[in-house]
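A short write-up of the structure that comes next.
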Amino acid sequence: DMVAILGTYGFGTGTSMASPHVAGLAALMLQAYPTHSVDDVEAIITSTALSLGEHLPNNDTVWGRNAAYRAAAVALRAGYVVGQVTRQPDQQPLPTALISAYDHLGDPVATAPVDELGHYHLALPEGRYDIEASAFGYNPSTTSDVLVQASTSITLDMQLSPAPAGVLWGEIRNAETGGPVSARLSIESTPAWTTSDPQTGRYSMALPAGTYTLTVSQNGYRRSTADNVVIVVDEATRQDF
Numbered sequence: 007d008m009v010a011i012l013g014t015y016g017f018g019t020g021t022s023m024a025s026p027h028v029a030g031l032a033a034l035m036l037q038a039y040p041t042h043s044v045d046d047v048e049a050i051i052t053s054t055a056l057s058l059g060e061h062l063p064n065n066d067t068v069w070g071r072n073a074a075y076r077a078a079a080v081a082l083r084a085g086y087v088v089g090q091v092t093r094q095p096d097q098q099p100l101p102t103a104l105i106s107a108y109d110h111l112g113d114p115v116a117t118a119p120v121d122e123l124g125h126y127h128l129a130l131p132e133g134r135y136d137i138e139a140s141a142f143g144y145n146p147s148t149t150s151d152v153l154v155q156a157s158t159s160i161t162l163d164m165q166l167s168p169a170p171a172g173v174l175w176g177e178i179r180n181a182e183t184g185g186p187v188s189a190r191l192s193i194e195s196t197p198a199w200t201t202s203d204p205q206t207g208r209y210s211m212a213l214p215a216g217t218y219t220l221t222v223s224q225n226g227y228r229r230s231t232a233d234n235v236v237i238v239v240d241e242a243t244r245q246d247f
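As structure tokens, then:
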């Protein structure tokens with residue numbers, strides 16, 4: 007969590023540091039517009055925060071640094087875009103999707119998460135925006151020139167199609183005995199992960215084309231990492247641990 011100190015910024019950690027800042031911001035917003043609901047306040051705070059990480063939310067700074075002026079300004083004349091993000095072709099919700107709004111210059115204005123059912127609630131000042139839905143492993147989708155008006159809510163559902171992918175596979179085994187190990191394989195800087203089979207040690211997962219760092223972890227074992235693993239569309243890449 008970041009705190010303003012004499013015109014600069016310093017880092018502090020813990021809910022005892024974060025809670026009073028968020029509570030103070032909520033108070034400012036409700037003073038500006040007392041009839042906002044709890045959902046409205048949450049949507050405005052998360053939508054107007056200044057991102058401090060590559061992925062949102064993240065484990066270090068969650069949604070980023072509170073932007074009190076932006077949040078209070080939006081609270082005065084907020085409009086809302088709501089909807090659901092699903093995947094093609096089975097229309098299932100995408101709980102890892104992120105919604106982003108861009109102004110006419112292409113600059114990011116606000117972001118919003120989706121819940122476990124793919125629903126989102128984005129707060130914006132009046133204006134026209136390009137609204138993008140994105141998720142790891144899927145092609146992003148953008149709806150252009152969306153008109154947002156104060157004190158109104160519009161519904162915008164979005165569907166994402168899978169991005170071209172290759173297959174990552176391999177076996178995870180005990181270095182001393184050669185026996186199979188059931189372990190968690192994570193793809194760093196992404197939400198992707200899988201678990202190897204306890205009977206065979208084998209794992210398999212689809213990944214978009216790119217270069218990745220893989221991490222294997224399991225209680226009782228040293229963590230193992232593989233860097234610069236390249237995934238090629240429609241090809242299988244083997245990586246054993």
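Take the sequence shown: its letters are residues 7 to 247, numbered as in the working numbering.
Every residue, glycine too, gets a C-beta built ideally from N, C-alpha and C.
Report task. Identify which residue in Q37, T54, L31 has its Cα closest to the Cα of H127. Result -> T54
Query raised in the report: Looking at the structure shown, is M8 part of a helix, part of a strand, or coil, going by DSSP?
Result: Caution is warranted here: a pLDDT of 48 is assigned to M8, below 50, making its placement in the model unreliable, and no coordinate value can be reported.
Query - Cβ shell of Y209 (< 6 Å), same chain only, five flanking positions each side left out - result: L191, T200, S202
Report task. State the Cα-Cα distance for the pair S140 and T183, rounded to the nearest angstrom. Result -> 43 Å
Requested in this report: Name the two residues that bound the continuous beta strand (DSSP E) containing H127.
Outcome: 125 to 131
Query - First through last residue of the beta strand (DSSP E) which encompasses Y218 - result: 216 to 223
Query raised in the report: Run through DSSP, which three-state label would Y75 get?
Result: helix
Query raised in the report: Residue range of the beta strand (DSSP E) that S192 falls in?
Result: 190 to 193
**Report entry** Reduced DSSP category for D45 - H, G, I as helix; E, B as strand; rest coil
**Finding:** helix
Requested in this report: Would you mind giving the Cβ-Cβ distance between G185 and D240, rounded to the nearest angstrom? I have them listed as a contact below 8 Å.
Outcome: In fact, because the Cβ distance is near 33 Å, the residues do not count as touching under 8 Å.
**Report entry** Beta-carbon contacts of V115 that lie in its chain and below 7 Å, excluding the five residues immediately before and after
**Finding:** A107, Y108, D109, L130, Y135
Requested in this report: Under 7 Å Cβ to Cβ from V236, same chain only, skipping five residues before and after it: list those, please.
Outcome: T217, T243
Query - D46 burial status per 10 Å Cβ neighbour count (16 or more: buried) - result: buried
Requested in this report: Inspect the beta-carbon positions of N64 and L31 and report whether they are closer than 9 Å.
Outcome: no
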